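The structure under discussion appears below in the form of structure tokens.
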Amino acid sequence: FKVLPGDIDYTPIYKMVVAERERKKNLDKEEKKRLRDQRKEEREANKEKYGWATIDGERCELGNYMVEPSSIFMGRGEHPYRGKWKEGPRYEDVELNLSPDAEVPPGDWKEVLWDPESMWIARWRDKLSGKIKYVWPHDSSPIKQRKEIEKFDKAIELRKNLDKIQRFIAENLKHGDIKRRKTATVCYLIDELKFRVGDEKDEDEEADTVGASSLRAEHICINDDGSVTFDFLGKDSVRLLLTAELDKDVVDNLQEFMENSDGNTLFDEVNSSVVSEFLDEVMEGISAKVFRTCYATEAVESKLKEIEVDPEAPEYVKKHVATLANLEAAVTCNHKRTISALWQKSLDRQKERLKERRTRARENIRKYKQRIHDTNLRYEERVAKYEAKLEADKEKLEEYKNELAEREKAGRATKGIKNRIKSKKNVISNGRKRIRDTKAKHRERIAKLKERMEDRKQKDEALIEKTKLQIEAKELTKDYNLGTSLKSYVDPRVYFEWGKKVDYDWRNYYSKTLEKKFSWIDPGPPEQEAQ
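Counting in our numbering, the sequence shown runs from 742 upward without gaps.
Below, the structure is given as structure tokens:
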């Protein structure tokens, strides 16, 4: 059944949620920390109990060992299941894939079977969509990592054989068998436009999304100049609108398939399995994903080579270049996304932060210049005072010398005046030394102030430049999902090798989750390797 607006009064639930939120908000720090630690302890205990499996003698983490509870389905975009009740699985719905020597967890399971050729640990049929859901090993598990390596190696092999594969596709665009011709056309769109096949989608996230094999006549317009415009909902229900110049045989095929489609898909009977079987004739193990992996990796590699990066450049500059390369992969694979309603606010905050940093930078320089000015004034006043005192002492010394001459001429005692002359000479000598020391200390003090000012200036300029690059990246990537290509299609070894050349640790660009997933490319951080 489907829950429609107005069917249920959610007011009591809403009030309960608000009250619970307020209760938690008003807890003291100690209680919040206690509850936080308690939740963490429970999560870790559950993961230790349910989140691991032994595969080929290796203890492997599971990726998704918790199942969704029964709930009202949400989904993305205008999903046909939105508002329907989605019942979660029970013990009797779940099949386990366990070896004969494995301990069977307690529960009234649907079946416990042993399929050593499959990676899944558990599976059940979703009661809403009718599709099978699986529990897989975590991306960081050895068995999944080996699959990742095979995928990226296959993409490298594809790049080496691309000309041969494209010739094979082109030869079949005019094949007499209609299914083969349709399959070749789908493969052309996958290769040329980097489309998904059409049956590669998650029903929990997508509505009427389309790929190459599920295109309908309504999604295609052949223009007067021979170009073709595609307009459909792609991954994550994001509209994909593009116009491309295609091979004439492909355009002719599309025209024919559209005329005979009767509103159905142009490529009936063509799916990911058919595409893979077709491509296996020229090279084994190729799928649409391998094409996107090949092209995404190539896009990143080309961009990283295109932009020169000094190994001495700041980390934020290297990260920005990594982002630009990642963007190339997202553009290549059409990884568009809906612009968030909060995107503009976030951008405005960053621009305001840039403005504040520029103002603060100017104020910092002004303050340092004022300090230098004030220090110079105090120095000049102090030196003037010391020099005046020195001149007075020198005049006094002259008086003492004149008095000594008169006493000697008159034959009077000179011992006292000689002592005063000696003392005054010491005073003058000390006065001159004090002036020299004062000047030296002033030069040192001014040099330090200028050094600090320059250091502050460089730090402020770096912050400003970093913020400018962040704003640039945010504007460039606003409608592209960089995470999809980075997670699934870009060979991480490209970033790893580039990082070695420009002195940049690839971990600084990848999230902790992806760092764990791709840990196979690097045995450990530099400090660990050195030990």
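All C-beta atoms in this analysis are idealised placements derived from N, C-alpha and C, irrespective of residue type, glycine included.
On a predicted model such as this, the values are computed, not experimentally measured, just so you know.
DSSP places Y1221 within a strand segment (E or B) once states are collapsed to three.
Around the beta carbon of A896, 16 or more other beta carbons sit within 10 angstroms, so the residue counts as buried. Counting only runs that start and end inside the stretch 903-968, the beta strand (DSSP E) elements of at least 3 residues fall at 961-963. In its chain, beyond the 5 residues on either side, F893, T1038 have a beta carbon closer than 6 Å to the beta carbon of D1232. The alpha-carbon of M807 is positioned some 19 Å away from that of E852. Under DSSP, P878 forms a beta bridge with L803. A check of alpha carbon separations from R1175 across E1195, V1124, A1102 identifies V1124 as the nearest. The stretch 856-876 makes no contact with the stretch 1226-1246; the number of CB pairs closer than 8 Å stays below 3. Burial is judged here by how many other beta carbons sit within 10 angstroms of a residue's own beta carbon; K1030 has at least 16 and is buried. Between the stretch 1102-1110 and the stretch 961-972 there are fewer than three C-beta pairs closer than 8 Å, too few to call the two in contact. Taking one beta carbon from each stretch, the stretch 969-985 and the stretch 1070-1080 have 3 or more pairs nearer than 8 Å; the two touch. For I931, the closest C-alpha among the options T1073, E1149, E1136 is that of T1073. Rounded to whole angstroms, the gap between the alpha carbons of K901 and Q779 is 54 Å.
When secondary structure is reduced to three states using DSSP, T752 falls in the helix class.
Counting only unbroken stretches of 3 or more residues, no beta strand (DSSP E) element lies wholly within the stretch 1098-1154. The count of Cβ pairs closer than 8 Å, one atom from the stretch 1202-1219 and one from the stretch 1008-1024, stays below three, leaving the stretches out of contact. Segment contact: the stretch 952-961 against the stretch 1039-1056, fewer than three CB-CB distances shorter than 8 Å; contact not assigned. The stretch 1212-1222 makes no contact with the stretch 1115-1124; the number of CB pairs closer than 8 Å stays below 3. Taken through DSSP and simplified to helix, strand or coil, F973 comes out as strand. For W865, the uninterrupted beta strand (DSSP E) segment begins and ends at 863-866. Note that the stretch 920-931 touches the stretch 985-1004; at least 3 beta-carbon pairs, one per stretch, sit closer than 8 Å.
For P746, the closest C-alpha among the options K1086, K935, K905, G824 is that of G824.
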